[in-house]
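As given, the protein sequences belong to chains A and B, one line each in that order.
With the first sequence counted from 1, adding 248 to any position gets you my numbering.
With the second sequence counted from 1, adding 56 to any position gets you my numbering.
Ideal Cβ placement from N, Cα and C applies to all residues, glycine included.
As the structure is a prediction and not an experimental result, all values here were calculated from the model.
I have placed the structure first, in the form of structure tokens, so that the comments after it can refer back to it.
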Amino acid sequence: MHADIVWPEIWQATGATLYMVGVGTLLSTLIGLPIGILLVLFSPNHLLANRPVYQALSLIVNVLRSVPFIILMIALIPFTEWVMGTSIGTTAAIVPLVVGAAPFYARLAETALREVDPGVIEAAQAMGASTWQIVWWVLLPEARAGVLSGIVITAVALVSYSAMAGVIGGGGLGDLAVRYGYDRFQTDVMLVTIVVMMVLVQVMQGIGDWWVARLSRRGG
Amino acid sequence: MSAIELESIHKVYQTGRQSVHALRGVTLRVEEGQVYGIIGQSGAGKSTLLRCINLLERPTEGTVTVAGKRLTDLPARALQRERARIGMIFQHFHLLQSATVADNVAFPLRLAGVARRQARARVGELLELVGLGGYEHKYPTQLSGGQKQRVAIARALANHPSVLLCDEATSALDPNTTRAILDLLLDIQRRLGLTIVMVTHEMAVVQRVCDRVAVMDHGQVVEEGPLTEVFVSPRHEVTRSLLEADDPEPDQVRPRSGGTVARIVCAGAAAEGPFLKEAAAHTSTQFTILHGKVDSVKDQPYARLTVEWLGEPAHVQGAFQWLRERGCRVDVRDEEGWRDAR
Ligand SMILES: Nc1ncnc2c1ncn2[C@@H]1O[C@H](COP(=O)(O)OP(=O)(O)O)[C@@H](O)[C@H]1O
Ligand SMILES: [Mg+2]
Chain A
249 MHADIVWPEI WQATGATLYM VGVGTLLSTL IGLPIGILLV LFSPNHLLAN
299 RPVYQALSLI VNVLRSVPFI ILMIALIPFT EWVMGTSIGT TAAIVPLVVG
349 AAPFYARLAE TALREVDPGV IEAAQAMGAS TWQIVWWVLL PEARAGVLSG
399 IVITAVALVS YSAMAGVIGG GGLGDLAVRY GYDRFQTDVM LVTIVVMMVL
449 VQVMQGIGDW WVARLSRRGG
Chain B
57 MSAIELESIH KVYQTGRQSV HALRGVTLRV EEGQVYGIIG QSGAGKSTLL
107 RCINLLERPT EGTVTVAGKR LTDLPARALQ RERARIGMIF QHFHLLQSAT
157 VADNVAFPLR LAGVARRQAR ARVGELLELV GLGGYEHKYP TQLSGGQKQR
207 VAIARALANH PSVLLCDEAT SALDPNTTRA ILDLLLDIQR RLGLTIVMVT
257 HEMAVVQRVC DRVAVMDHGQ VVEEGPLTEV FVSPRHEVTR SLLEADDPEP
307 DQVRPRSGGT VARIVCAGAA AEGPFLKEAA AHTSTQFTIL HGKVDSVKDQ
357 PYARLTVEWL GEPAHVQGAF QWLRERGCRV DVRDEEGWRD AR
């Protein structure tokens, strides 16, 4: 075993992972939440009930979710190049990360939003609320604990997705673990990266749980 | 102009291949300032009818007019504006769990674009009105059922509605809370000159607050009229069975001293004073009360009594005749059941 652990490289990789997970979670939420909202609204017996639209949307989400991330990443290379101008590097890796995680989050958001008591929605309708007022002032606030815990689950999933970003030169902790642990048999570096990732997940989950509990205590 | 006019309302629910004809041609008129009851057994179509008034449910056929506006002709946006002027409360309150009491009451104000400061003042006023001053920052989960319904009432009144729709508003509450909520509704109705439509399956609720009542069965209104009339002289089987809900079982009303068992029902002036005693004195007969009570419908005295009348058969008939002339309904019990023995 080699004694010298390459700390600067580890910190740099941690930064890259945080960057991919952070931006990836943000964009996945921004794209996934509206899709989740539409999935609920168009579903049978809901405000905009429309079977064909619901089924089309649902199919797209399912297709994207059924492709393994490693394959999705490679298949999306032309698309990534079109969006970012390049398909290589940490920033470019965010494109497949979001395409993979946004549908995942859309389903989590859909599940949370569907839990909202139909009676409360009906009361809002009786008060003259429009569909978008109901989304903004009833569905989202009432489901906020579920919507938030979905974001945490997505962020945690992105930690593991981003570990594959090395394939397209995205860097990050996963890439580091493979390069040192697998290619050079430097098991100690691999162990350190695993520990860093575990800490990362624990911290995210801890903050998320605390926040969700705080919201739920108030009845949300 | 009536506050609410429903004209030949039909509602058919299509569930898969089956269709449920929930309303079969209902025509109703509710006058301004009335408390109007809609009663019937579960599944009669009461909720569906109530939800047709603010078009939460769109009738398959027929027209709905509220405060002179033909709602069934309005486009979506205009309908939303009209709905804001029709309050509604529900059996299970339907409050926003994630919002404070104040934010729940402010919700319709926010929808209507009322400025924050104005909304806060109005919320304070409304919470005072329903007896929840100081509860602004509580959450619904911290309240009792009765308090939640008070919040719902405050919320329903926020936009100064002219009509308040109540769907089984007290059915999830215990008897004492039910009474308190009904009294609150009546008090508010008188102060604000509201028109209230109250759907319920309990005669006691109708008896306490309504001016008029419609009885529903299988999607139709089978009987309709002023409260005292319906209570004293019900014409439809369903009305009778609803009124008889609290009557004693047949074997509890067997004659104990060999007399004639009769049920005496009256309201208004006819129910005032010691009228049974007078009937007995006039005819040299006697009576014992087997079951029943003297209370009120809305603000009128109301008696529904099961008695055993004793004396010469002709004299007993005379006593019944005396009561009828006074305005009471008298049904005599025989092997087959209650019978109008005139
Ligand atoms: N959304 C719906 N879809 C299908 N059938 C319904 C629906 N709502 C009510 N019904 C049916 O319509 C009838 C009347 O229901 P409802 O108005 O709720 O009765 P009530 O309030 O008097 O108990 C019932 O047979 C009920 O099953
Ligand atoms: Mg009902």
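- Identification of residues in the stretch 246 to 258 of chain B having a C-beta nearer than 9 Å to some C-beta of chain A yields an empty set.
- Taking a contact to require three or more Cβ pairs closer than 8 Å, the stretch 199 to 207 of chain B and the stretch 113 to 122 of chain B do not qualify as touching.
- When 9 Å is used as the limit between beta carbons, H148/B is near these residues of chain A: D365 and G367, in chain order.
- Here M452/A has V400, A403 and V404 as same chain residues with Cβ atoms under 7 Å from its own Cβ, once five neighbours each way along the sequence are excluded.
- Taking 8 Å as the cut-off, the beta carbon of A341/A is found no closer than this to the beta carbon of M144/B.
- At a cut-off of 7 Å, the beta-carbon of K102/B counts as near ligand 2: some heavy atom of the ligand is closer than that.
- Excluding residues up to 5 positions away in sequence, Y302 lie with their Cβ nearer than 6 Å to the Cβ of S291/A in the same chain.
- Of all residues in the stretch 381 to 392 of chain A, only Q381, W385, V386, P389, E390 and R392 come within less than 8 Å of chain B when Cβ atoms are compared, listed by chain position.
- Here G394/A is buried: its Cβ has 16 or more other Cβ atoms, across all protein chains shown, within 10 Å.
- Contacts between Q373/A and chain B, judged by CB atoms closer than 8 Å, involve L112 and R139 in chain order.
- A168/B places its beta carbon less than 8 Å from that of A140/B.
- For L229/B, there is no enclosing alpha helix (DSSP H), as DSSP marks it with neither H nor E.
- D273/B is bridged by DSSP to Q276/B.
- Around the beta carbon of R73/B, fewer than 16 other beta carbons sit within 10 angstroms, so the residue counts as exposed.
- Interface annotation, Q136/B: in contact with chain A, CB-CB separation under 8 Å.
- Pairing V437/A with V269/A gives a Cβ-Cβ distance that is not under 8 Å.
- In the three-state reduction of the DSSP assignment, I336/A falls in the coil class, being assigned neither a helical nor a strand state.
- Nearest CB-CB separation between E370/A and chain B: below the 8 Å threshold.
- In this structure, T265/A is the residue among T379/A, A425/A and T265/A with its C-alpha nearest to the C-alpha of G337/A.
- With contacts defined as CB atoms closer than 8 Å, P351/A and S154/B fail to qualify as a contacting pair.
- Counting only runs that start and end inside the stretch 85 to 122 of chain B, the alpha helix (DSSP H) elements of at least 4 residues fall at 102 to 109.
- Taking a cut-off of 8 Å on C-beta distances, the stretch 275 to 285 of chain B does not touch the stretch 365 to 377 of chain B, as fewer than three cross pairs fall below it.
- Look at the beta carbons and you see the stretch 171 to 181 of chain B not touching the stretch 235 to 244 of chain B: under three pairs across the two are nearer than 8 Å.
- DSSP places Y358/B in the uninterrupted beta strand (DSSP E) bounded by Q356 to L366.
- No residue range can be given for S378/A, since it is assigned to no beta strand (DSSP E) and is classified by DSSP as neither H nor E.
- The closest CA to that of T339/B, considering only T251/B, G367/B and S352/B, is found on G367/B.
- At a C-beta separation below 7 Å, P369/B has no neighbours in chain A, since its nearest C-beta there lies roughly 59 Å away.
- Distances taken from the Cβ of G367/A to the heavy atoms of ligand 1 include none shorter than 7 Å.
- Taking the Cα of G189/B as reference, the smallest distance to any Cα among V157/B, F163/B, T128/B and N215/B is reached at V157/B.
- Linking R312/B to F343/B through their CA atoms gives a straight-line distance of about 11 Å.
- In this structure, the C-beta of V76/B approaches ligand 1 to less than 7 Å from one of its heavy atoms.
- A contact between stretches requires three or more CB pairs, one per stretch, nearer than 8 Å, and the stretch 68 to 88 of chain B fails this requirement with the stretch 205 to 214 of chain B.
- Per DSSP, E61/B is one residue of the beta strand (DSSP E) stretching across I60 to T71.
- Cβ neighbours of I252/B within its own chain (closer than 6 Å, five residues either side excluded): V91, L220 and Q245.
- Here the stretch 317 to 326 of chain B lies against the stretch 371 to 391 of chain B, with 3 or more beta-carbon pairs under 8 Å apart.
- Looking at the backbone, the Cα of L332/B and that of D303/B are separated by about 19 Å.
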